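Participant: One structure is given below, represented as structure tokens, and several questions about it will come after.
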Amino acid sequence: PQLGIQLGPTYPIKNLKTMQNFSTEFDKKLIGHIIMLDMTFFQRGVIVPFQRTHVWDSKNVKLPHLYPPSHNKSHAPPSRWEATCHALRKLTKGSNSIGDAETAIMSYNSTNKGKWTFDALYLYGQRLHTVDNNLHLLIPKMAKLALELPDLIKQPIPLLRQQQNQAITMSQQQISSLLANAFFCTFPHRNDTKPGSEYSNFPTINFSSLFANEKDPAKLAQKAEKLRAIFHYFNTVTNESHDQDPASKPDGLVSFERISIPSSQLPDWNKQKMPLRNLHISSEGSIEKEGTGMLQVDFACKYIGGGVLKSGLVQEEILFLMSPELIVARLFTEKLADNECLKITGPQMYSITSGYSKTFSWVGPYNDCTKRDMWKRRYRQIVAIDALDFKNPKEQYTQENIKRELNKAFVGFHGKPETAIATGNWGCGAFNGDPKLKALIQLMAAAVAERDMAYFTFRNEHLAYEIQRMHEILTKNNVTVDKLYKLLKEFGGHYTREHHSATDLYRFIREKIKHKNSLL
Ligand code: AR6
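Put into structure tokens, the structure is as follows:
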């Protein structure tokens, strides 16, 4: 061992703070917060949607039941919503095949005739439906749920636009109806994704892309597998029988909060004199399971949810399939800017999955009995932060990119309550980052945000060892955030000068510290 470091056991995970340690601190932030329920009723245990006049404008979600807006209704009898209702009502009447769902969807999306295909849905029907076996009962229930939208959403849903600090809280039931509409592709103005189109800065929400064909048969099979998670979600939320464990009933609320920190309020990384915080590191376990109750990092795309409605199937997409309520964020969250994140509080976990990417599969129901706060939100909090996508991994060591990633992590980690952060190789899969650098960046941001960390290396034992050793060297040698920042900048300069791809960041840091110590 170098620098006198003898690696002991990692910091115990049970000592890390979770939401349960702060249960009273949760419900205070109400400024800029749109609550879609009447809270006086909610406090008495009754869910009643809050009512306010609907609007059709660029600040709010364009809801299917308002389309077309009244000022041009005279041009289009019957309205698209009437056509939608007609088609979905037919589906509620039973004996429904996937073909019927396709016919319904295409009846009010006729401009996409010839463009949309439903191969993944058919493949699901042929292969997996025989296992799951209740689609003929489920599709009618989903259609009914979609039709309930006008009764469930009685006020505008604001778009969470860039550089706004704004939150939305809605019931799991409202979310389920919005998602049923997304499944049946009813959201107006959301199918055109061309640059410059009205919603080109937003993720897609209609599910058509999840049904569509893939050239690669393996990818098509993956989409069908993703649909199992989706159908399981709809099965659970439409289950009216009382066989559900009351603790796992989706009858609570979920909050979505967009956080933007102006650059003048971001830390000056040259001046942060705090030491690194406690680190629990393990090559086993996952953010989603072992990290429950901590602030769980979503390795996000700037378009929240990334490829969940397409062929993407890595950390973010799998998380969104286990907890499909997260998908509704795509309806109203504009693309994240460098100084922004989205925090989601209270989503339920519905599915157990296994594998990753090509090996992903849906395993079965997850009975989520996670405790809930006074708004019946699960003690589960997720923060979506998007790392930079390094086409050329060398770019990540520039000062500018290091600062960008530090700021992004800080925006995600900042704020109360200071639960521990559950994270891992953020930005180091699809986005090509170096986990050794990203681990330090996240530890620095966590130190300034005053949070401890649980880091899961996703079965990489050697990496866990390396990061733990580096963390110990840094803490034992009192290397504070500002000093570490200087070392990273120095490494960046050195790295770009040397053009030496074998240069190892941790060796560089160790040698610098050793050299400095020998000068003392
Ligand atoms: N728990 C802990 N570690 C994990 C887990 C998990 N559940 N899953 C993966 N890892 P990646 P990125 C590790 O590629 O590079 C999506 O499409 C594993 O080592 O998902 O930030 C988004 O929408 C993996 O290689 O994140 C974005 O568009 C590494 O974390 C894009 O990918 C990185 O996981 C983000 O890519």
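Under this note's numbering, the first residue of the sequence shown is numbered 676, with each subsequent residue one higher. Beta carbons are placed, not taken as given, at the ideal position from N, Cα and C, and that holds for glycine. Model, not experiment: these values are computed from the prediction.
(1) Just the Cα atoms here: how many angstroms apart are Pro676 and Phe1088?
(2) Applying the 10 Å Cβ sphere with the 16-neighbour rule, what's the burial state of Thr759?
(3) Could you have a look at Pro676 and say whether DSSP puts it in helix, strand or coil?
(4) Is Ile850 buried or exposed, if buried means 16 or more other CB atoms sit within 10 Å of its CB?
(5) Helix, strand or coil for Val1038 per DSSP?
(6) So, Phe882 versus Phe858, is the Cβ gap smaller than 7 Å?
(7) Below 7 Å between beta carbons: does that hold for Thr693 and Gly968?
(8) What did DSSP end up calling Tyr795 once you bin it into helix, strand or coil?
(9) Just how far apart, CA to CA, sit Lys1078 and Phe793?
(10) Would you kindly report the start and end of the unbroken alpha helix (DSSP H) that includes Ala893?
(11) By Cβ distance, which residues of its chain are closer than 7 Å to Leu1159, with the 5 residues on each side in sequence left out?
(12) Please state if the CB of Val1058 and the CB of Cys1103 are separated by a distance shorter than 7 Å.
(13) CB of Ile962 to nearest heavy atom of the ligand AR6: below 6 Å?
(14) Following the continuous alpha helix (DSSP H) through Gly1099, name the residue where it begins and the one where it ends.
(15) Are the beta-carbon atoms belonging to Trp791 and Val972 less than 7 Å from one another?
(16) Output yes or no for whether 7 Å exceeds the beta carbon distance between Val1123 and Gln947.
(17) Can the beta-carbon of Leu1011 be found closer than 7 Å to that of Lys1111?
(18) Any heavy atom of the ligand AR6 closer than 6 Å to the Cβ of Val1086?
(19) Let me confirm a value: Gly789 is counted as buried when at least 16 other C-beta atoms fall within 10 Å, else exposed. Which label applies?
(20) Name the DSSP bridge partner or partners of Lys1018?
(21) For Ala904 and Thr1045, which I take to be in contact (beta-carbon distance under 8 Å), what is that distance rounded to the nearest angstrom?
(22) Within 10 angstroms of its Cβ, does Val721 collect 16 or more other Cβ (buried), or is it exposed?
(23) Quick check on this structure: which residue in Ala887, Ala855 and Ser872 has the alpha carbon closest to the alpha carbon of Thr911?
(24) Taking Cβ to Cβ, would you say Val929 is nearer than 7 Å to Glu992?
(25) Buried or exposed for Ser846, please, with buried defined as at least 16 other CB atoms from any protein chain shown within 10 angstroms of its CB.
(26) Over the uninterrupted alpha helix (DSSP H) stretch that includes Met1145, give me the two end residues.
(27) Assuming Ile780 is part of the alpha helix (DSSP H), what are its boundary residues?
Facilitator: Reading from the atomic positions:
(1) Start at 1 with the first residue of the sequence shown, and residue 676 comes out as number 1. Start at 1 with the first residue of the sequence shown, and residue 1088 comes out as number 413. Here Pro676 scores only 43 on pLDDT, less than 50, and its place in the model is too uncertain to base an answer on.
(2) Counted from its first residue, the sequence shown places residue 759 at position 84. Thr759 comes out buried.
(3) For the purposes of this step, residue 676 is identified with residue 1 of the sequence shown, where counting begins at 1. Because the pLDDT of Pro676 is 43, which lies under 50, any placement of that residue in the model is unreliable, and the number read from its coordinates should be weighed accordingly. Coil, per DSSP.
(4) Residue 850 sits at position 175 when you count from the first residue of the sequence shown. Buried, because 16 or more other Cβ atoms sit within 10 Å of the Cβ of Ile850.
(5) Counted from its first residue, the sequence shown places residue 1038 at position 363. DSSP places Val1038 in strand when its eight states are reduced to three.
(6) Counting from one through the sequence shown, the residue named residue 882 turns up at place 207. Counting from one through the sequence shown, the residue named residue 858 turns up at place 183. It is a contact, given that the beta carbons lie within the stated cut-off.
(7) Translated into positions along the sequence shown, residue 693 becomes position 18. Translated into positions along the sequence shown, residue 968 becomes position 293. Contact: yes.
(8) Residue mapping note: residue 795 aligns to position 120 of the sequence shown, counting from 1. Looking at the sequence itself, residue 795 is Ala, so the reference to Tyr does not match. Ala795: helix per DSSP, three-state reduction.
(9) Reading the sequence shown from its first residue, position 403 is the one you call residue 1078. Reading the sequence shown from its first residue, position 118 is the one you call residue 793. Taking the straight line joining both Cα atoms gives about 44 Å.
(10) If you number the sequence shown from 1, residue 893 lands on position 218. Pro892 to Val912 is the extent of the alpha helix (DSSP H) around Ala893.
(11) The residue labelled residue 1159 in the question sits at position 484 within the sequence shown. These residues qualify, in order along the chain: Leu1115, Met1119 and Leu1149.
(12) By one-based count along the sequence shown, residue 1103 stands at place 428. By one-based count along the sequence shown, residue 1058 stands at place 383. The answer is no: Cβ separation not under 7 Å.
(13) Counting from one through the sequence shown, the residue named residue 962 turns up at place 287. Yes, since a heavy atom of the ligand AR6 falls inside the 6 Å radius drawn around the Cβ of Ile962.
(14) Indexing the sequence shown from 1 puts residue 1099 at position 424. Per DSSP, Gly1099 belongs to no alpha helix (DSSP H); it is in the beta strand (DSSP E), Ile1096 to Gly1099.
(15) Taking the first residue of the sequence shown as 1, we reach residue 791 at position 116. Taking the first residue of the sequence shown as 1, we reach residue 972 at position 297. Result no, Cβ atoms of Trp791 and Val972 do not sit closer than 7 Å.
(16) Taking the first residue of the sequence shown as position 1, residue 1123 is located at position 448. Taking the first residue of the sequence shown as position 1, residue 947 is located at position 272. Yes.
(17) Stepping through the sequence shown from its first residue, residue 1011 is reached at position 336. Stepping through the sequence shown from its first residue, residue 1111 is reached at position 436. No, these two residues do not count as a Cβ contact at 7 Å.
(18) As a working note, residue 1086 is residue 411 in the sequence shown. No, the Cβ of Val1086 stays beyond 6 Å of every heavy atom of the ligand AR6.
(19) As a working note, residue 789 is residue 114 in the sequence shown. Gly789 should be labelled exposed.
(20) Here residue 1018 corresponds to residue number 343 of the sequence shown, with the count starting at 1. Glu932 and Val1058.
(21) On the sequence shown, position 229 is the one that residue 904 refers to. On the sequence shown, position 370 is the one that residue 1045 refers to. With a Cβ gap of about 18 Å, Ala904 and Thr1045 do not count as contacting.
(22) Mapped onto the sequence shown, residue 721 falls at position 46. Exposed is the call here.
(23) Counted from its first residue, the sequence shown places residue 911 at position 236. Among Ala887, Ala855 and Ser872, the Cα nearest to that of Thr911 belongs to Ala855.
(24) By 1-based counting over the sequence shown, the position of residue 929 is 254. By 1-based counting over the sequence shown, the position of residue 992 is 317. For Val929 and Glu992, no; Cβs fall outside 7 Å.
(25) Walking along the sequence shown from the start, residue 846 turns up at place 171. Classification for Ser846: buried.
(26) Indexing the sequence shown from 1 puts residue 1145 at position 470. Taken as a continuous stretch (DSSP letters only), the alpha helix (DSSP H) holding Met1145 covers Glu1136 to Lys1151.
(27) Taking the first residue of the sequence shown as position 1, residue 780 is located at position 105. That run of the alpha helix (DSSP H) goes Ile773 to Ser782.
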